[in-house]
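Reading through the structure tokens given below for one structure.
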Amino acid sequence: MSARVPSVPGDLTRLGFAEPRRADTLLADPALAPLVKDRERVETDGLAVTLARVNDPDQALLTLVRLMERVATPAQTALREALVPALREPGRARDRLFSVLGASTALGDHLIARPEHWTAVVDAVQLEVEERIELLTAAVTSPDEGTTSEDALRIEYRRQLLGIAALDVSRPDPQARLPETAAALADLAEAALEAALVMARAALGPTADQCRFAVIAMGKTGGRELNYISDVDVIFVAEPSEGCDEDAALAAATELATAIIKICSSQTAAGALWQVDPALRPEGKNGPLVRTLKSHVSYYERWAKTWEFQALLKARPIAGDRALGRTYVEAVAPFVWSAASRENFVEDVQAMRRRVEDNVPSGEADRQLKLGPGGLRDVEFSVQLLQLVHGRADKSLRSGTTLTALAALSQGGYVGREDAQTLEAAYRLLRTLEHRIQLYRMRRTHLMPTAPSDLRRLGRALGHQRDPEDSVTAQWRAAAREVRRLHQRIFYRPLLSAVARLGPDEVRLAPEAARERLAALGFTDPRGALRHLEALSGGVSRRASIQRQLLPVMLGWFADEAAPDAGLLAFRRISDELGTTPWFLRLLRDEGSAAERLAHTLGRSRYAAELLEQGPESVQFLGESTGLRPRTRDEVQVRMRAAARRKDGSEPAVLAARAVRRSELFRLAVASLLGHITLDDLGRALADLSGALIDVTLEVVLAEVEKQTGAPPLSRHLVVGMGRLGGGESAFGSDADVLFVHDPTEGVEARAAQEQALDVVKELIRLLGLAAPDPRLEVDAGLRPEGKNGPLTRSLDSYRAYYERWSLVWESQALLRAAPVAGDMDLGAAFIELIDPLRWPEGGIDAGQVREIRTLKARMESERLPRGADRKTHFKLGHGGLSDVEWCVQLIQLQHAHAHEGLRTTSTLEALTAAQAEGLIGTEDAVALAEAWRLASQMRNAGLLSRGRTVDSVPSDVRDADGMARIMGLPARSGQELANRYRRVARRARHAAEHVFYGDAT
């Protein structure tokens, strides 16, 4: 079999040429003969291999042929003799020239028109702006014979542009070089404007000397981050020269400005530069083209809109009288760095971004690199908003260059490191795509192409050799998604609006100013609070930097609450505990309203603060979109079981489950404090939480029994919730009123089962009551048969025997709220079947039993009310309190539940509603009782949340009452109003209770 004959087109295909046969023909073109050593094959060091590395090998080859044809004439002999040796062998000259030809048809056409500029490509170096100004100024003041100054400006501009492009496109990583390229383009624009001003002055003559005149760059030119093709945004400022009239000076300056615009913007035989756009000046296109410095300042003081200050962030003098330009920038800087203090500043900037996005044509939105979602404007607006808000106090953020500002924001902790890296990488990518798209034809565009050939060239420009079309599209869209995600999180960060509303002095935490502000805000111990601030924000660490962003705002949020000093102290303790963890401060800075929620929680509730100090990791709930949604009992119990199983031994297992309860208590506390949960849902959630913990603890204890005895437990076990637990109406700090039931398995001796069951119950109570860094769950079995004199647990048969022989009416009343909450639910169903006839007695209770209940109620009122307690304000036992309402409802249930199914519920309010619906209680009485029960329940919860301990009565201390009122949504200093309201509501409820309980309403 003969050896394969090499195929030049085949090799060209493998090298990446899109049209290999055409490329083969072009390589054989006579114009390239001096550069090709072996026509019969693809040389390893030949043209094709070098061309294969450029963005568009086919286009570069075609343009190379045209260039070599252009220099083949006798008039170009000298140039050709220099060019051929440079391109014949591999090296920098060939790499750079081919890279430019493969990246830009427009620059290729320029080289064909002016082949002598090839040296600008191969010998390109980074120039300082002064060198560029000198070269361009020399070109316009001494143009070649037959060349106008306008054409000379364009020719020299394009020559320097070739050098910038050569350095850009010949580098293997164009994104890394982006800042240098963008800065060089801005410097070239600066030099062109300076040269245009030289031309304008020469044309105007001596009149030009009547004014001092400066050109201020705005936008990307001002930020030294210009595109290859872009409008150059400018503002003109002038002052009369010494001894000259202001009007005459402004007239001369206006002529200079008009001439600059025309020189740079007009099309000549040598082409065009770009449009000079002065629309960012005061009053825009309706305002004078040139103003004095005083006129500018006057306008910004009185009339400027938010977007104008944002635009001034990038202002930079670039032509004319540099001293005047610097004076202008210094004069407007205070407006820029105080703009964030304007009313609705953040909201205005956010609205402006939305308007920009809304104005993108619908057919372009999906392809926009600049204005669309996930585009450059998302990055720029995010960075600029952060700069303007935080730059008031932090001068390190005051840069007009996006990437420089982003780095400073990251360094200062205003943006997370990873977020900043993601934004920087995306910005570099988007700008590089924009550059490559514009560079190809030197046309202004910000749209991703759709033609496969354009996408192929773009993909290869970014290093995608395999499947470049799809790869570059996927890379762009992935970056856009990340930009949009971060933009939405950063740009709409609630903390920004809060920081912006602070005055300039409030943003800073200078000791004296901070002490004065703390006193003004209502901190009772400003010196102590200042020590906390210094401990949190002192030093140069990133942690301290982020705290300096958070604290000025959080102080105001703390001060909105009744206990700002306690809130700040709690925040310091939590920060000390979590400050070294990477997510804590990032959460407060970045995630929604987490910082505000935390400040209000700590300043409002000692109970929540203590829970968080014991388990600070629970602060993560505040940053989650569903963080304050109460978890179902099943969800909580799964977490508790998982936590318990990871521990060895019953005590560590139960303490782990209790830690889950603590975190859920914090969740419910915050949800209650912030009004995210109703009283009814809160009661059910707290009851479910206690039930889940009892259930898991019972499982742990029974597992330990089996482990120690080597055999299954002797009984099935059940825990029956009583009182508020059984009714699903628990409050913060509620004990767990329960009955314990067991049922010996078949063949087990009753005494042995009783002894083991008693041990199980005692161990369960012990474990739930262990001292630990979480609220213990106090278990109270006092409602069991025979009360404290009876056994802690009974078998089901024992309960049946007791209730058949000894049950009293008060026990039937207590069983009205009995519901299984833990253990064997089959046993629970059997227990419910046992007690239903007792609590829903057929025919109701008789008159003697009614009298007995009324007697018990009267005795309770006289004996159980704590000494010194006020009957008018005690939440449970006082007149119109919880006991009045519950005894009324329970009496109705005992009398009528047999006939009305709606009354067969363990919930007080559900039973009350059913009684009203059945006509068993008047509407007025029902409303009065329900209102009192809800208000007393809310105030008990509010008291415990505020003080961190049980509050049984309306507080006599005004500050305590005010703390409760704040939690209940009332304005500051509403404590007395709340107390008066409770008394009014309780009086009406007492009147209703006397009517219902002692009268003939039932």
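Note that our numbering has the sequence shown beginning at 1, numbered continuously upward. C-beta: ideal position from N, C-alpha, C; glycine also.
So is Gly649 buried or exposed if we call it buried at 16+ other beta carbons inside 10 Å? One-based indexing of the sequence shown puts residue 649 at position 649. Classification for Gly649: exposed.
Indicate whether the contact test is met: 3 or more Cβ pairs, each with one atom in the stretch 784-801 and one in the stretch 824-833, closer than 8 angstroms. yes
Inter-residue Cα distance where the pair is Ala106 and Leu439: Translated into the one-based positions of the sequence shown, residue 106 becomes position 106. Translated into the one-based positions of the sequence shown, residue 439 becomes position 439. If I take the Cα positions, the gap works out to 8 angstroms.
Could you spell out where the beta strand (DSSP E) holding Ile216 opens and where it closes? For the purposes of this step, residue 216 is taken as the residue at position 216 of the sequence shown. Looking at the DSSP string, the run of the beta strand (DSSP E) that includes Ile216 is Cys211 to Ala217.
Pull up the DSSP beta-bridge partners for Pro240, would you. Position 240 of the sequence shown, counting from 1, holds the residue named residue 240. Looking at the DSSP assignment, Pro240 forms a beta bridge with Cys211.
Using beta-carbon positions only, say whether Leu929 and Ala986 come within less than 8 angstroms of one another. As a first step, residue 929 must be located in the sequence shown, where it is residue number 929. As a first step, residue 986 must be located in the sequence shown, where it is residue number 986. Going by C-beta atoms, Leu929 is not nearer than 8 angstroms to Ala986.
Taking DSSP as the reference, what is the three-state secondary structure of Arg658? For the purposes of this step, residue 658 is taken as the residue at position 658 of the sequence shown. It is helical.
Please go through the same chain and pick out, in chain order, the residues whose beta-carbon is closer than 7 angstroms to the beta-carbon of Arg493, but skip the five residues on each side of it. Taking the sequence shown and counting its residues from 1, the one referred to as residue 493 is at position 493. Taking C-beta separations shorter than 7 angstroms and ignoring five residues to either side along the sequence, the partners of Arg493 in its chain run Asp590, following chain order.
Name the residue from Ala671, Glu347 and Arg114 whose alpha carbon lies nearest to the alpha carbon of Ala152. One-based indexing of the sequence shown puts residue 152 at position 152. Cα-wise, what sits closest to Ala152 is Arg114.
Neighbourhood of Arg572 by C-beta, 7 angstroms cutoff - its chain only, sequence neighbours within 5 removed: What you label residue 572 is simply residue 572 of the sequence shown in a count that begins at 1. Shown here for Arg572: same chain residues with a beta carbon closer than 7 angstroms to its own, the five before and five after excluded, namely His532, Ala535 and Leu536 in chain order.
So within the stretch 544-625, which uninterrupted alpha helix (DSSP H) runs reach at least 4 residues, ignoring any that extend past its ends? 564-578, 582-590, 594-604 and 606-614
Let me know if Lys857 comes out buried or exposed under the rule of 16 or more other beta-carbons within 10 Å of its beta-carbon. Start at 1 with the first residue of the sequence shown, and residue 857 comes out as number 857. It counts as buried.
Three-state secondary structure (DSSP) of Gln368: On the sequence shown, residue 368 is found 368 positions in, with the first residue counted as 1. Residue state, collapsed to three classes: strand.
Nearest-angstrom Cα distance between Asp29 and Ala78? For the purposes of this step, residue 29 is taken as the residue at position 29 of the sequence shown. For the purposes of this step, residue 78 is taken as the residue at position 78 of the sequence shown. Spanning the two alpha carbons is a distance of roughly 21 angstroms.
Here's a check: name, in chain order, each residue in its chain whose Cβ is nearer than 6 angstroms to the Cβ of Gly963, leaving out the five neighbours to either side. Here residue 963 is taken as the residue at index 963 of the sequence shown, counted from 1. Excluding sequence neighbours, Gly963 sits near Ala562 and Ser946.
Expressed to the nearest angstrom, what Euclidean distance is found between the alpha-carbon atoms of Arg661 and Val761? Translated into the one-based positions of the sequence shown, residue 661 becomes position 661. Translated into the one-based positions of the sequence shown, residue 761 becomes position 761. Rounded to the nearest angstrom, the gap between the Cα atoms of Arg661 and Val761 is 20 angstroms.
Could you give the first and the last residue of the continuous beta strand (DSSP E) run that contains Gly223? Taking the first residue of the sequence shown as 1, we reach residue 223 at position 223. Unbroken run through Gly223: none, as it is neither H nor E.
Beta-carbon proximity of Leu371 to Val349, cut-off 8 angstroms: On the sequence shown, position 371 is the one that residue 371 refers to. On the sequence shown, position 349 is the one that residue 349 refers to. No, Cβ-Cβ distance for Leu371 and Val349 is not below 8 angstroms.
Just tell me which of Glu434, His390 and Val821 has its CA closest to the CA of Gly727. If you number the sequence shown from 1, residue 727 lands on position 727. With distances taken between Cα atoms, Gly727 lies closest to Val821.
In the DSSP assignment, find the alpha helix (DSSP H) that holds Ala319 and state where it starts and stops. Residue 319 sits at position 319 when you count from the first residue of the sequence shown. Segment Arg316 to Gly320 is the beta strand (DSSP E) holding Ala319; no alpha helix (DSSP H) there.
Mind checking if Ala979 is an interface residue toward chain D, Cβ cutoff 8 angstroms exclusive? Note that chain D does not occur in the displayed structure, where there is just one protein chain.
For Ala28, report the span of its alpha helix (DSSP H) as first-last. Residue numbering aside, residue 28 sits at position 28 when the sequence shown is read from its first letter. Taken as a continuous stretch (DSSP letters only), Ala28 belongs to no alpha helix (DSSP H), as it is neither H nor E.
Determine, using beta carbons only, whether Leu698 and Gly782 come nearer to each other than 8 angstroms. Counting from 1 along the sequence shown, the entry for residue 698 is found at position 698. Counting from 1 along the sequence shown, the entry for residue 782 is found at position 782. Remark: C-beta atoms of Leu698 and Gly782 do not approach each other more closely than 8 angstroms.
Kindly identify the DSSP beta-bridge partner or partners of Thr268. Start at 1 with the first residue of the sequence shown, and residue 268 comes out as number 268. Beta-bridge pairing links Thr268 to Gly271.
Pick from Leu429, Tyr427 and Met448: whose alpha carbon is nearest that of Ile437? For the purposes of this step, residue 437 is taken as residue 437 along the sequence shown, with counting starting at 1. Ile437 has its Cα closest to that of Met448, out of Leu429, Tyr427 and Met448.
At what residues does the beta strand (DSSP E) containing Ala822 begin and finish? The residue given as residue 822 occupies position 822 in the sequence shown. First-last of the beta strand (DSSP E) with Ala822: Ala819 to Gly823.
Quick check: what's the CA-CA separation for Arg859 versus Cys888? The residue given as residue 859 occupies position 859 in the sequence shown. The residue given as residue 888 occupies position 888 in the sequence shown. Going by the C-alpha atoms only, they are around 16 angstroms apart.
Residues of its chain near Ala248, where Cβ-Cβ distance is below 6 angstroms and the 5 sequence neighbours each way are ignored: As a position in the sequence shown, residue 248 is number 248, starting the count at 1. If we look at Ala248 and ignore the five residues flanking it on each side, its Cβ neighbours are Gln210.
In three-state terms, what does DSSP make of Met1? Translated into positions along the sequence shown, residue 1 becomes position 1. Only weak support exists for where Met1 lies, its pLDDT of 39 falling under 50; the coordinates are left without a value.
Cβ-heavy atom distance, Ser298 to the ligand MN, below 7 angstroms: This structure lacks the ligand MN, and indeed carries no ligand of any kind.
Leaving out the 5 sequence neighbours to the left and right, which residues in its chain are closer than 8 angstroms to Glu577 when beta-carbon positions are compared? In the sequence shown, residue 577 corresponds to position 577, counting from 1. Excluding sequence neighbours, Glu577 sits near Glu613 and Pro616.
Starting from Ile235, follow its DSSP beta bridges and name the residues at the other end. Locating residue 235 in the sequence shown gives position 235, counting from the first residue. Per the DSSP secondary-structure output, Ile235 pairs in a beta bridge with Ile216.
Grab the span of the alpha helix (DSSP H) containing Asp109 for me, first residue to last. As a working mapping, residue 109 is identified with position 109 in the sequence shown. In the DSSP annotation of this structure, the continuous segment of the alpha helix (DSSP H) that includes Asp109 starts and ends at Thr105 to Ala113.
For the beta strand (DSSP E) holding Arg716, just list the boundary residues, first then last. Looking up residue 716 in the sequence shown gives position 716. Note, Arg716: beta strand (DSSP E), Ser715 to Gly721.
Nearest neighbour of Glu434, chosen from Ala926, Gly375, Gln488 and Leu588 [CA to CA]: For this step, residue 434 is matched to residue 434 along the sequence shown. It is Gly375 whose Cα lies nearest to the Cα of Glu434.
Alpha carbon to alpha carbon, how far is Ala3 from Val483? As a first step, residue 3 is located in the sequence shown; it is residue number 3 there, counting from the start. As a first step, residue 483 is located in the sequence shown; it is residue number 483 there, counting from the start. Caution is warranted here: a pLDDT of 45 is assigned to Ala3, below 50, making its placement in the model unreliable, and no coordinate value can be reported.
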